[in-house]
Amino acid sequence: MTDVVLPCRDEAPALPGLLARMPSGYRPIVVDNGSTDGSAEVARACGAEVISVAEPGYGAAVHAGVLAADPADGVVCVMDADGSFDPGQLPRLADRVRDGRAHLATGRRRPAARGVWPLHARVANTFLAHRLRRTTGLDVHDIGPIRAVRRDDLLALDLRDRRFGYPLELLIAAGRAGWRVIEVDVDYHPRAAGTRSKVTGTLLGTARAVRDMGAVLAR
0 MTDVVLPCRD EAPALPGLLA RMPSGYRPIV VDNGSTDGSA EVARACGAEV ISVAEPGYGA
60 AVHAGVLAAD PADGVVCVMD ADGSFDPGQL PRLADRVRDG RAHLATGRRR PAARGVWPLH
120 ARVANTFLAH RLRRTTGLDV HDIGPIRAVR RDDLLALDLR DRRFGYPLEL LIAAGRAGWR
180 VIEVDVDYHP RAAGTRSKVT GTLLGTARAV RDMGAVLAR
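The opening position of the sequence shown corresponds to residue 0 in numbering that gives the first Met the number 0, with each subsequent residue numbered one higher.
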């Protein structure tokens, strides 16, 4: 059974549809990070394991979920809980890690509809990915919020960022460790109705994410 960590803050409207589409052999772990809309209760009602994390931040939620994942399978996936990704595509990433083609497989977002990826967020992502390629030599084009990696390998990197800089710190650490990193095209859909992105939804949210990631690049 492959565990799927779903960092979650106020994603209740997205969870029933998302969890219903989880592929066979993949077990969702919803990491509630201060939701006020009943996300934890909705996730439990849908049969998902739920853990709560008091420390705010995307990195804090992901790290707690990875710690809670069962080490038996070896591979753990991480995916946003807002409905913008199809969990049916998770095997595209996990299989590349499981068969040894990659230490880390990350999703490269391909918008499935117009307006899915706001211009300000896409520009910020392009800028950060360009700096990342120059810094690490990794051939990546997206600081994407969907990935697969071996749980023990990830924990051994000892990542410290607990905010939005976590995905970028992971890629930098992977490059320094000499990991094979593969990007896999994944569909990027509109978020579920009734949810709002903490990053791409506003210019301020994107600016905060860029600030956190810029601080990681500056280390």
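Built from N, CA and C at the ideal position, the CB exists for glycine as well.
Within the same chain, Cβ atoms closer than 6 Å to the Cβ of P166 are found at I142, the five residues on either side in sequence being excluded. Secondary-structure assignment with DSSP links L103 through a beta bridge to V148 and V180. S51 is bridged by DSSP to D31. With three or more CB-CB distances shorter than 8 Å, the stretch 77 to 91 counts as touching the stretch 20 to 29. Contact between A53 and P6 fails: their C-beta atoms lie close to 14 Å from each other, not under 8 Å. When secondary structure is reduced to three states using DSSP, T194 falls in the coil class, being assigned neither helix nor strand.
In the structure shown, L5 falls within a strand segment according to DSSP collapsed to helix, strand and coil.
Taking a contact as a CB-CB distance under 8 Å, the pair S51 and A39 counts as one, their CB atoms being some 7 Å apart.
One Cα belongs to L17, the other to P86, and the distance between them is close to 7 Å.
Between I171 and F84, the C-beta gap is not smaller than 8 Å, which leaves the two residues out of contact. Judged by their CB atoms, V65 and V4 are nearer to each other than the 8 Å cut-off.
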